[in-house]
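Written out below as structure tokens is the structure these notes cover.
There are 2 protein chains.
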Amino acid sequence: MAQAGTVDRILDTAEVLFAQKGFAETSLRAITSKAGVNLAAVNYHFGSKEALIQAVFERFLNPFCSRLDGLLAELESDPDSVTIERLLATLSQSAVAVQRGEPQRVAIFFRLSGLAYSQAQGHLRRFFREHYGEVFSRFLRQLAVAVPDVPPMEVFWRVHFALGATIFTLSGMDPLRAICRSDFAVTLSPQQVNDRLLSFLAGGIRAALPAS
Amino acid sequence: MAQAGTVDRILDTAEVLFAQKGFAETSLRAITSKAGVNLAAVNYHFGSKEALIQAVFERFLNPFCSRLDGLLAELESDPDSVTIERLLATLSQSAVAVQRGEPQRVAIFFRLSGLAYSQAQGHLRRFFREHYGEVFSRFLRQLAVAVPDVPPMEVFWRVHFALGATIFTLSGMDPLRAICRSDFAVTLSPQQVNDRLLSFLAGGIRAALPAS
DNA sequence: ATACGTTTCAAACGTTTGTTTTGGGGGCTT
DNA sequence: AAGCCCCCAAAACAAACGTTTGAAACGTAT
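Chains as they are written, first to last, in numbering that gives the first Met the number 0: chain A, 0 to 211; chain B, 0 to 211.
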């Protein structure tokens with residue numbers, strides 16, 4: 000990243016700053032000055048700040064979704080072998096596709112996702128649904144196959160519960176690990192946290208339905 | 000809320016606008032004009048925008064935590080009866096304390112919590128830990144008693160997983176219910192969503208530990 | 001070498017932001 | 001009635017924001 004082009008330097012810097020402080024709290028001046036480019040470069044190359052935000056997400060979501068799509072296609076060819084654990088592992092593997100080199104990019108990715116959801120500016124929600132809604136539906140359909148005892152609608156809700164737990168955890172991974180280290184004198188690796196999260200999610204998705 | 004004092008009118012309006020659009024995206028002018036008060040009133044009564052944000056949280060968290068503290072004290076007198084379900088129900092009951100009249104205030108409360116967590120870089124994190132860390136530790140200790148097979152550190156992580164699922168779900172309650180309605184032609188009440196969430200959480204907290 | 005499209009740069013634009021100032025009413029006490 | 005204190009209102013403030021501008025610098029093909 001030492002002497003990359005202007006566009007990439009902007010994207011590299013923007014995704015870090017956005018993840019650290021949020022979208023509205025990160026000014027174009029902060030991005031461009033830290034990236035070592037001119038202030039006008041953002042509007043020249045991307046058109047606007049909104050477009051820059053979307054470009055940052057595209058750089059994450061395109062490899063993530065294409066990888067996920069491919070893996071889901073593989074699974075569809077052998078429907079009997081589809082389990083919750085395999086589907087969740089598929090997500091994990093897809094997330095690896097976004098970390099080109101640095102493993103910390105996965106954390107940034109989820110941190111941004113959390114921001115996108117909570118700040119939910121109108122344009123981002125539309126952007127997600129239009130560009131990546133397809134893959135998400137595909138995943139949802141497969142998950143419904145994996146847990147035939149759970150009605151599709153219940154699967155829908157539980158996926159969102161799981162999504163919340165995941166985004167929340169991975170977006171706050173470092174602070175949480177620090178608390179764990181100080182309270183229990185145990186240093187967990189991100190991978191170990193991930194394992195714990197996955198068993199929690201599997202347990203939740205398979206849980207007994209509430210008495211209606 | 001028709002002709003309340005200036006301070007309350009500001010707080011009432013601010014909490015709604017903050018929940019809708021976030022902290023940075025909500026200007027004091029938007030708050031004061033909608034509240035029907037003068038722009039300078041915020042700085043006069045609260046001192047700054049940061050102080051207003053904290054005041055909004057205090058109005059939610061003080062009744063919530065004092066109610067929660069009281070209920071936890073009751074539970075401590077009879078440790079044998081403490082189960083996950085009872086603890087989660089305790090949280091639910093405490094949340095009811097924040098909705099003075101309007102039931103939708105619970106959603107606002109969690110929406111704000113989600114915002115606070117995702118944007119939490121400086122003053123809010125400190126504010127939470129200093130003012131409400133005590134009650135949280137107390138809850139954590141009780142939960143560890145309720146699931147003796149799960150080591151305390153695992154409880155710690157699972158509570159945060161559950162916290163993420165809860166905040167994520169309740170902060171996006173209305174959009175999620177809309178999707179559910181359009182995709183499954185089923186209209187769930189917030190209470191029904193809550194029931195589903197609770198069984199998901201109980202299943203996750205009780206799930207089998209990952210093979211280490 | 002000249003001309004051309006692309007990229008970079010410093011500077012300025014017009015808005016909007018949070019905050020401060022100033023001054024003028026009520027309602028109290030003395 | 002005078003003084004005091006709390007509250008409100010209009011205006012102005014400085015700073016920061018995203019965006020635009022016009023010219024300079026660049027590489028490249030003619």
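C-beta: ideal position from N, C-alpha, C; glycine also.
Nothing here was measured: the structure is a model prediction, and the numbers come from that model.
Pick helix, strand or coil for residue i, following the three-state DSSP scheme.
| i | result |
| --- | --- |
| A/G163 | helix |
| A/P151 | helix |
| A/E24 | coil |
| A/D77 | coil |
| B/G4 | coil |
| B/N61 | helix |
| B/A106 | helix |
| B/L169 | helix |
| A/A207 | coil |
| A/T186 | coil |
| A/L100 | Position check: residue 100 of chain A holds Gly in this sequence, whereas Leu was assumed. A/G100 falls in the coil class under three-state DSSP. |
| B/N37 | coil |
May I ask which residues mark the beginning and end of the alpha helix (DSSP H) holding residue i?
| i | result |
| --- | --- |
| A/S47 | Taken as a continuous stretch (DSSP letters only), A/S47 belongs to no alpha helix (DSSP H), as it is neither H nor E. |
| B/S32 | L27 to A34 |
| B/P189 | P189 to I204 |
| B/T89 | I83 to V95 |
| B/V134 | H122 to A145 |
| A/P174 | M172 to F183 |
Please list, in chain order, all residues of the same chain as residue i whose beta carbon is under 7 Å from its beta carbon, the five residues on each side excluded.
| i | result |
| --- | --- |
| B/E84 | A201 |
| A/P78 | V144 |
| A/R104 | V97 and Q98 |
| A/V6 | H44 |
| A/Q53 | F126 |
| A/Q190 | none |
| B/L197 | L87 |
| A/I178 | none |
| B/P174 | none |
Residue j and residue i - do their beta-carbons sit closer together than 8 Å?
| i | j | result |
| --- | --- | --- |
| A/M152 | A/A106 | no |
| A/L60 | A/Y131 | yes |
| A/L71 | A/F127 | no |
| B/G21 | B/L114 | yes |
| A/R213 | A/T186 | Only positions 0 to 211 of chain A appear in this structure, which leaves residue 213 of chain A out of reach. |
| A/P62 | A/V15 | no |
| A/T168 | B/F160 | yes |
| A/V81 | A/Q141 | yes |
| A/R205 | A/V146 | yes |
| A/R176 | A/V192 | yes |
| A/V134 | A/L86 | no |
| B/L27 | B/K48 | yes |
| A/A23 | B/E24 | yes |
| A/G203 | B/G203 | yes |
| A/I166 | A/S211 | no |
| B/D182 | A/F183 | no |
If you drop the 5 nearest sequence neighbours on each side, which residues of the same chain put their C-beta closer than 8 Å to that of residue i?
| i | result |
| --- | --- |
| A/I9 | I30, T31, A34, V36, A40, V41, H44, F45 and L51 |
| B/F199 | A164 |
| B/Q92 | R66 and L70 |
| A/A207 | none |
| B/R58 | L10 and E14 |
| A/F17 | T25, I52, V55, L111 and L114 |
Excluding the 5 residues flanking residue i on each side, which residues of the same chain have their C-beta closer than 6 Å to its C-beta?
| i | result |
| --- | --- |
| B/S170 | F109, R110 and G113 |
| A/M0 | Caution applies to A/M0, whose pLDDT of 38 falls short of 50 and renders its modelled position unreliable; the model cannot decide the point. |
| B/A94 | V105 |
| B/C64 | Y131 and V134 |
Using a threshold of 7 Å, is the CB atom of residue i nearer than that to any non-hydrogen atom of the ligand MG?
| i | result |
| --- | --- |
| A/C179 | Here there are no bound small molecules, and the ligand MG is not part of this structure. |
Notebook entry, point to check: Any residues in the region 191 to 203 of chain B with a beta carbon nearer than 9 Å to a beta carbon of chain A? Which ones, in chain order?
Noted result: Q191, V192, D194, R195, L196, L197, S198, F199, L200, A201, G202 and G203
Checklist line | Proximal residues, the region 135 to 169 of chain A versus chain B, C-beta separation under 8 Å | finding: P151, M152, E153, F155, W156, R157, H159, F160, A161, L162, G163, A164, T165, I166, F167 and T168
Next item on the list: Closer than 9 Å, Cβ to Cβ, to anything on chain A: give me those residues from the region 34 to 61 of chain B, in chain order.
Entry: none
Checklist line | Interface residues of the region 12 to 36 of chain B facing chain A [CB-CB below 7 Å] | finding: G21, A23 and E24
Checklist line | Contact set between the region 170 to 187 of chain A and chain B, restricted to residues whose Cβ is under 9 Å from the partner | finding: S170, G171, P174, L175, I178, C179, D182, F183, V185 and L187
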